[in-house]
Amino acid sequence: MTEKNYTLQNASGQSVELPVKSGSAGPDVVDIRSVYGDQGIFTFDPGFASTASCESKITYIDGAKGVLMYRGYPVEQLADKSSFVEVCYLLLYGELPSGDQLAEFEHSIIMHTMINETILRLFNGFHYDAHPMAMVAGVVASMSAFYHDTTDIQNERHRDIFAHRIIAKLPTIAAAAYKHSVGQPFMYPRNDLGYAANLLHMLFAVPAEDYEVNEVAAEAIDLLFLLHADHEQNCSTSTVRLAGSSGANPYSAVAAGISALWGPAHGGANEAVLRMLTQIGSVDQIDKYVDKAKDRDDPFRLMGFGHRVYKNFDPRATIIRGACHKVLDQLGRVDTPLFDLALRLEEIALKDEYFIEKKLYPNVDFYSGIIYRALGLPTSMFTVMFAIARTVGWVAHWTEMITDPEHRIGRPRQLYTGPDKRDYTDISKR
Ligand code: SDX
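In structure tokens form, the structure reads like this:
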């Protein structure tokens, strides 16, 4: 890191020199760690739009250029040449694996896909109509009650077992939540299937008959998971880092991330996009809803549009849009009204002055739900699919934080605008 200085003038007119750090790419940062101690003031940045919360080597995004890289590899190249499990290895360990390393990693993941039978019984505590995200968040949090044998977060072996275990078990837990919601028996994982194929088996196979995994569907899920694997310091990843910074059990930290992801402004948007497209219903209604989205007095927003970082295009959305065509064609989906509606909505919105001025483009969530729906998943499972994919990103960032010798518990301050000191008044006088 090269050291430069940023000069400010404090309230007394004195110059204050703050060190500037440069990364390997992206904007420099002004190191403000000394500001409160030396100047007695806080910086103020609700939503953290101008704040770097940490130093990281995992993922780089350039919002203006639509760049996304995992450990330096452009996501377009990984989408074209790699696989989700290989990208999991890359995100966790920083380098692409050799053939032997990948085989060993894949074997370890496969050998951790089953869940404790007592965890399976937890699902019986939910009503059939519980939202799958609620079930998944709750069951993942409960893992800290079962796997307390490997929660010495200072022990590298324990961290590795945690990483492999939770990446391997999320699909099994997700499929169990889906089976519970449709009243079908749970399907155990199979060790002869790949990551995405195993998930399809656990979701859609039934004991009454053989189930043939559709390779097109498996490839589509593998691509979607790869594109959703990590995304720098987004809301849910920052939640995992903050929860983990207290030394909390890593399963609990990931469960906090799942809960943060559920929000419609974040990972819940893919579910909200499908509901929005269904609500719009037909191309002739698009203008009405675009006008609603532009009306500041109307809370309606075009879900799947806009991004805190991408003010150009989201490279993931571009790749997924292309995959949509291929998957729908290969699955023989002739009835593609929702996809046609989405394409038309994108075309109309991108020509609209408001969206151009606000730099609102389709994001990763705009098209992913259309593929999940074409694969037969209910809308309520879309964000669960996002959570399966993002688990590796959460684990990679949690590990990077825990192994950083300078890491401290995250504890922001505030600008207090509440009442001045006042004395308690007895209820008889109120
Ligand atoms: C994800 O951070 C990540 O990396 C997230 C993610 C990841 O991989 O982890 O990429 C995944 O969460 C993608 C985003 C999914 N969310 C949605 O699609 C929900 C719809 N989008 C918006 O809620 C919004 O665009 C956000 C939340 C994505 C970004 O919000 P910001 O950065 O806080 O921007 P903002 O809300 O301040 O909006 C800026 C302006 C506002 O207008 P003004 O107040 O300036 O007049 O743009 C408007 C907003 O009203 N605006 C929209 C809009 N999104 C923003 N207007 C209509 N429709 C929209 N979708």
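Residue numbers 1 to 430, in my numbering, belong to the letters of the sequence shown in order. Each residue gets a CB set at the ideal place from its N, CA and C atoms; glycine is no exception. Note that the coordinates shown come from a computational prediction; the quantities given were computed from them, not determined experimentally.
| Query | Result |
| --- | --- |
| Using the C-alpha atoms, what's the distance from S34 back to L331? | 58 Å |
| Suppose the cutoff is 8 Å on Cβ atoms and the five residues either side in sequence are ignored; what does the same chain contact list for W398 look like? | V240, R241, G244, P250, A253, V254 |
| Three or more C-beta pairs closer than 8 Å, one from the segment 271–286 and one from the segment 302–311: is that the case here? | yes |
| Could you pull the start and end residues of the alpha helix (DSSP H) that D38 belongs to? | 35–39 |
| Alpha carbon to alpha carbon, how far is E76 from V309? | 18 Å |
| The ligand SDX and C88: does the residue's C-beta get closer than 8 Å to at least one heavy atom of that ligand? | no |
| In the DSSP output, what is K4 paired with across the bridge? | V20 |
| Any heavy atom of the ligand SDX closer than 8 Å to the CB of V309? | yes |
| Does the ligand SDX have even one heavy atom less than 8 Å from the beta-carbon of V35? | no |
| My output table needs one value for P46: the three-state DSSP class, helix, strand or coil. | helix |
| I'd like to confirm something about V273: is its beta-carbon nearer than 8 Å to some heavy atom of the ligand SDX, or not? | yes |
| Going by DSSP, what residues sit across from E209 in a beta bridge? | V206 |
| Could you have a look at F162 and say whether DSSP puts it in helix, strand or coil? | helix |
| In whole angstroms, what is the alpha-carbon distance linking N313 and L224? | Note on residue identity: the sequence assigns Phe, not Asn, to residue 313. Rounded to whole angstroms, F313 to L224 spans 17 Å at the Cα level. |
| Where L18 and K311 are concerned, what is the direct C-alpha to C-alpha distance, given to the nearest angstrom? | 29 Å |
| Could you tell me the distance, in whole angstroms, from the CA atom of V16 to the CA atom of I356? | 39 Å |
| Three or more C-beta pairs closer than 8 Å, one from the segment 109–124 and one from the segment 176–190: is that the case here? | yes |
| Can you check DSSP and say which residues form a bridge with I61? | L68 |
| Let me make sure I understand the geometry here. Which of D210, G183, P264, A217 has the alpha-carbon closest to that of S236? | P264 |
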